[in-house]
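Chemist: According to the numbering used here, the sequence shown is numbered sequentially starting from -12.
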Amino acid sequence: MNDCLFCKIINGEIPANKVYEDDHAVVFTDINPKAPIHLLAIPKEHYSGVHEVPHDRMELFQHVFFAVNQAVRQEGLAEKGYRLVVNFGDSSGQAVPHIHIHILSGRELTWPPG
Ligand code: AMP
Ligand code: ZN
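Below, the structure written as structure tokens:
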């Protein structure tokens, strides 16, 4: 598992600008931001897609959305508006096979996304 880039960020092997961390999840700034504010929220457990999480591990989603909730409050994003995105697979442009929730904010976010 552990040539996974985001597992290396979790383990501290690769540096990241962490804005929130607890025992179950981390939120850090995206290295190549697609909006003025672009954060990534990841669970500390490695799964490549939402559909791969076993039914007895569903608390993972509670934990990662708790981290999103904390980061949004802390960074004041509710006032600006924000978008959450989760990609899976090549057709979505997923580059890192570890579940991550993009948090995008600080500009007009057009709809539908491309
Ligand atoms: P996705 O295309 O949905 O898999 O998104 C992966 C995201 O990870 C992209 O927005 C990248 O800019 C971001 N990314 C890649 N490497 C790093 C890194 N070392 N630190 C922070 N973000 C990264
Ligand atoms: Zn991983």
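Backbone N, C-alpha and C define an ideal beta-carbon position, used for all residues, glycine too.
Closer than 7 Å to a non-hydrogen atom of the ligand ZN - does that hold for the CB of His33?
Modeler: Yes.
Chemist: What I want to know is whether the C-beta of Phe75 ends up closer than 7 Å to one or more non-hydrogen atoms of the ligand ZN.
Modeler: No, the beta carbon of Phe75 sits no closer than 7 Å to any heavy atom of the ligand ZN.
Chemist: In angstroms, rounded to a whole number, what distance separates the CA positions of Tyr34 and Gly80?
Modeler: About 17 Å.
Chemist: Which full runs of the beta strand (DSSP E) of 3+ residues lie inside the segment 1 to 48, going along the chain?
Modeler: 5 to 8, 12 to 16 and 24 to 30, all fully within the segment 1 to 48.
Chemist: Spell out a yes or no on whether the segment 1 to 10 and the segment 47 to 66 are touching, meaning 3 or more CB-CB pairs, one atom from each, closer than 8 Å.
Modeler: Short answer: they touch.
Chemist: Taking the alpha-carbon of Gly93 as reference, which of Gln57, Phe(-7), Glu32 and Leu71 has the nearest alpha-carbon?
Modeler: The residue with the shortest Cα to Cα distance from Gly93 is Leu71.
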